[in-house]
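K.L.:
Sequences listed follow chains A and B, in order. Each residue of the first sequence is one higher than the last, beginning at 1 in this note's numbering. Each residue of the second sequence is one higher than the last, beginning at 1 in this note's numbering. Don't be surprised by glycine CBs; every beta carbon is placed ideally from N, CA and C. Got a structure for you, questions after.
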Amino acid sequence: MFRDIGLRTYFFRDIARGFGDPATYVPETLRQMKMMGVDSVPITVIVAAFIGAVIALQVRYQILPGVQLSIVGLASRLMIVLELGPLLTGLVLTGRVGGRMTAEIGTMRVTEQIDALETLAYDPVAFLVVPRFLAGTIMLPTLAILADAVGLLSAYFVSVRVTHITPQDFIAGLRLGYEGFQIFYSLLKAMMFGMAIALVCSYEGYITEAGAEGVGRSTARAVVISSVTILVLDALTATVLGPLLQA
Amino acid sequence: MRRRNEVSVGILMTAAVIVLILGMVWLARGGLKNGYPLHARFTWGQNLKSGQPVLLAGVAVGTVRDVQLRRDGHLDVLLSIDDEYQVPKGSTATVKAVGIFGDVAVALTPPLPAPAASYAPDDTVPTGVPSADIDQILSRVDSIGRSVSVLTSALQKEVIEAGTFKDLHNLVASSAKVSAQLQGVLAEQNRNATATMEAFKNSATKLGNLADSTQIAATLANTREITANTARLTANLDSTNAQIQRLLGLAQHGNGTVGKLLTDTLLYNDLHRLIRQADSLLADIKANPKKYINVRIF
């Protein structure tokens, strides 16, 4: 266990060192941003739309008679912006992007491409990990913004069209008790999830051993560890920053 | 390829930033429209913050743009009113709770009757009398509770400790006794009433038997005769009355001597003239008696 901690510490040190070589990671960063961000827009939008719709329906049908209907807008905003927008985007991208990341780097490791880069005096961490880390840090909040917006729009349309809540009620609830910090909280969480996905998946790929089987094992491990890390981070942020969200 | 990546990433980032900024502004300010500003100052504005609605007679006409706490403890509130709405001059502003989730709104209450003039941009809306909040209601409930407590202790003292409750109990027992006595009296009265009714029935039967006797028959015959006489007298009176009516009618129409006396003015005029002549004659006699009375003895 201590060896693992030491190895990860060295890995983080290498990443920090890699930031000093922009010529190596900047071009690759754009490619990774496109892969992680632009290519993930459809799945993010689909997931967010369905989550928004389901939240609106569930809240509408679970509230007791007599409760003011604007609670549907309020609950939709709180659940999507504070929790499900960034969390589900993170979990979806863990499967879609994290697994691919581990498999790519792991394959490069087992086919000795990383060794070749070192031989050519390329810093493999600056070339492979730093761009993914930057892309994850930037693109996860970007996708979380889209997820929040699409989720709320979906909740609005389902509430108004299906459950016949008036637009005024929904919008009144949406604005009820709004604080700018709630958006900051959502983006901060998404950023942390992006960093976690990039770090965990890159590291698991970077230390892959034992051929194709090892790549498969590393990929599975990376997805599991990333998902658990995201959930742990989610709980931690709720514990640490939750009191600041109190109305 | 690299250029395409840059463009697609740029588009996504720009879209996200635009959505973020517009969404935050829309949520925080209650919309993207710019209205005209009005000011208000409150001594208490619990949970009041920018983006909350401004209601005019209950209709959302704008939003709270800014809330500033002054050094003297008052709140300076900047309201943004949508351009299509006018706030009548003399309207007052209060902070009102909206719903059950602790949200508040600035309520503008127009005066009655509503004046033609409206507030101009940057005018200050005077503060109205706020409605009772939960604390005030709770304090009133507390005071009612205290009164009830005082009342209860007084009742405890006066009714239970002072023996009033025991007296009441005795009173109820006495009432029950009196009621039983009254029931006995009523039963006795009922028996008496039954006996009286029986006696009345017997008397009525006897009276019925008496009606068949000759004395009663004679009395009844006399009564019938008196009735017939009275009818005749009434008929005579009717005929006399009719004759008098006819005479009066003739007199009224001036027929006959009496009628002429009553209606013809000629006699009246003659009499009037005669009296005047007599008056003048009398006056002349008084003035010149020797002209008419010439007494010679020798």
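(1) Check whether the Cβ atoms of B/Gly45 and B/Leu75 lie closer than 8 Å to each other.
(2) Just curious, the alpha helix (DSSP H) that A/Ser76 is in, first and last residue?
(3) Is there a C-beta anywhere in chain B that falls below 8 Å from the one on A/Met101?
(4) Using a Cβ-Cβ cutoff of 8 Å, what residues of the segment 21-41 of chain B are near chain A? List them in chain order.
(5) Between which residues of its own chain and A/Arg109 is the CB-CB distance below 6 Å, once the five residues before and five after are set aside?
(6) Measuring CB atoms only, is the segment 87-106 of chain A touching the segment 134-154 of chain A, in the sense that at least three cross pairs come out at less than 8 Å?
(7) Hey, does B/Asp66 have any beta-carbon neighbour from chain A nearer than 8 Å?
(8) Can you have a look at A/Ile5 and say buried or exposed, based on whether 16 or more other CB atoms are within 10 angstroms of its CB?
(9) Since I believe A/Pro167 is in contact with A/Val160 (beta carbons under 8 Å), could you give me their beta-carbon distance rounded to a whole number of angstroms?
(10) Considering only C-alpha positions, which residue in the set A/Gly205, A/Leu174, A/Thr94 and A/Ser76 is nearest to A/Gly194?
(11) Check whether chain A comes within 8 Å of B/Asp103, counting only Cβ atoms and requiring the distance to be less than that.
(12) Can you say whether A/Leu120 is buried or exposed, counting buried as having 16 or more other CB atoms within 10 angstroms of its CB?
(13) Evaluate the contact criterion for the segment 9-16 of chain B versus the segment 52-66 of chain B: three or more CB pairs, one atom per stretch, below 8 Å.
(14) Can you check whether the C-beta of A/Gly37 is within less than 8 Å of a C-beta belonging to chain B?
(15) To the nearest whole angstrom, what separates the beta carbons of A/Asp169 and A/Gly73, a pair I think is in contact under 8 Å?
(16) Spatial neighbours of A/Val129 within its chain, please: CB distance less than 6 Å, with the 5 preceding and 5 following residues excluded, ordered by chain position.
(17) Return yes when the C-beta of B/Ala287 is under 7 Å from any heavy atom of the ligand ZN, and no when it is not.
(18) Name the chain B residues whose beta carbon is nearer than 7 Å to that of A/Met33?
(19) Name the two residues that bound the continuous alpha helix (DSSP H) containing A/Pro86.
(20) Taking the C-alpha atoms as reference points, what is the distance between B/Leu262 and B/Ala251?
(21) Going straight from the alpha carbon of B/Phe42 to that of B/Thr94, what length do you get?
(22) Output the distance between the C-alpha atoms of A/Gln58 and A/Pro22, rounded to the nearest integer angstrom.
(23) Taking A/Gly216 as the reference, give the member of A/Glu83, A/Ile171 and A/Ile105 with the closest Cα.
(24) Need the endpoints of the alpha helix (DSSP H) that B/Lys286 sits in, please.
(25) For a cutoff of 8 Å on Cβ pairs, would you count B/Leu108 as touching chain A?
(26) Among the candidates A/Ile197, A/Ala212, A/Gly18 and A/Val81, whose CA atom is the shortest distance from the CA of A/Leu231?
(27) Taking C-alpha atoms, which residue in A/Gly99, A/Glu112, A/Gly52 and A/Tyr206 lies nearest to A/Met35?
(28) Per DSSP, which residues does B/Asp122 bridge with? Please list them.
(29) Going along chain A, which residues have a C-beta under 9 Å from B/Asn5?
(30) Do you know whose CA, among A/Arg3, A/Gly211, A/Glu112 and A/Val26, lies nearest A/Ala126's CA?
(31) Establish whether the CB of A/Arg175 and some CB of chain B are separated by less than 8 Å.
(32) Using only CA atoms, which one of B/Asn34, B/Ala278, B/Ser91 and B/Arg70 lies nearest to B/Leu112?
(33) Can you tell me whether DSSP reads A/Asp123 as helix, strand or coil?
(34) B/Ala28 and A/Tyr178 look like a contact to me (Cβ under 8 Å); what is the Cβ gap, rounded to whole Å?
(35) Taking A/Pro42 as part of the alpha helix (DSSP H), name the residues at either end of that continuous run.
(36) Quick check on DSSP: helix, strand or coil for B/Leu55?
P.N.:
With the structure as the only source:
(1) yes
(2) Ile71 to Arg77
(3) no
(4) Gly23, Met24, Leu27, Ala28 and Gly30
(5) Thr208
(6) yes
(7) no
(8) exposed
(9) 5 Å
(10) A/Thr94
(11) yes
(12) exposed
(13) no
(14) yes
(15) 7 Å
(16) Ile15 and Ser202
(17) This structure lacks the ligand ZN, and indeed carries no ligand of any kind.
(18) Val9
(19) Gly85 to Leu93
(20) 7 Å
(21) 8 Å
(22) 48 Å
(23) A/Ile105
(24) Thr265 to Ala287
(25) no
(26) A/Ile197
(27) A/Gly99
(28) Note: B/Asp122 sits in no beta bridge, so no partner.
(29) Leu30, Arg31, Met33, Lys34, Met35 and Val38
(30) A/Val26
(31) yes
(32) B/Ser91
(33) coil
(34) 6 Å
(35) Val41 to Gln62
(36) strand
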